[in-house]
Amino acid sequence: MTEPSVFTRILRGEIPAEIIAETENAFAIRDIAPQAPVHLLVIPKSERYRDVVELAEGDPELLAEVVGLARAVAAEHADGEFRLVFNTGAAAGQTVFHVHAHVLAGQLQEKTLG
Ligand code: 5GP
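Residue numbers for the sequence shown, in UniProt numbering: 1 to 114.
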């Protein structure tokens, strides 16, 4: 069996992180290494999908739920305008293979996801 992802472990309370918002099937946390003044992660509760392509193909409604939660947290933590980044594949910078959206707002730092 593969190990649970870091995000599954956060959801289970095994790794500390404040869940700042959630819906039935997704939750949001602050990124531990922010690359912008606002840097949040929106994550499906299930780690079934590795990346956004798998998620879009396997459960487009859940992808829409993730985008909706991103919009909600961006409205609460920024002015409602934001970048939504899904790193897809290791060569593109993905390090956690449990699909998640980066919600970025404000001036991005020099070494950035964008
Ligand atoms: P990726 O590189 O896969 O697109 O994004 C993974 C993100 O998860 C990174 O930006 C990284 O900083 C964040 N991250 C990794 N481990 C933790 C953790 O334990 N807590 C939180 N809050 N974020 C994490």
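For every residue, glycine included, the Cβ atom is placed at its ideal position computed from N, Cα and C.
A quick note: this is a predicted structure, and the numbers were derived from the prediction, not measured.
Between residue 40 and residue 98, the gap from beta carbon to beta carbon reaches 9 Å or more.
Distances taken from the Cβ of residue 33 to the heavy atoms of the ligand 5GP include one shorter than 8 Å. For residue 30 against residue 18, the beta-carbon gap comes to about 7 Å, under 8 Å, which counts as contact. Not one heavy atom of the ligand 5GP is found less than 8 Å from the C-beta of residue 11. Nearest to residue 65 by C-alpha distance, out of 76, 50, 42 and 51, is 42. Short of 8 Å from the beta carbon of residue 63, and not among the five residues preceding or following it, lie these beta carbons of its own chain, in chain order: 52, 55 and 56. DSSP lists 28 as the beta-bridge partner residues of residue 21. Taking 9 Å as the cut-off, the beta carbon of residue 6 is found no closer than this to the beta carbon of residue 104. Of the candidates 33, 48, 34 and 93, 48 places its Cα closest to the Cα of residue 4.
No Cβ-Cβ contact shorter than 9 Å links residue 69 with residue 36.
Rounded to whole angstroms, the Cβ separation of residue 73 and residue 15 is 20 Å, and the two are not in contact under 8 Å.
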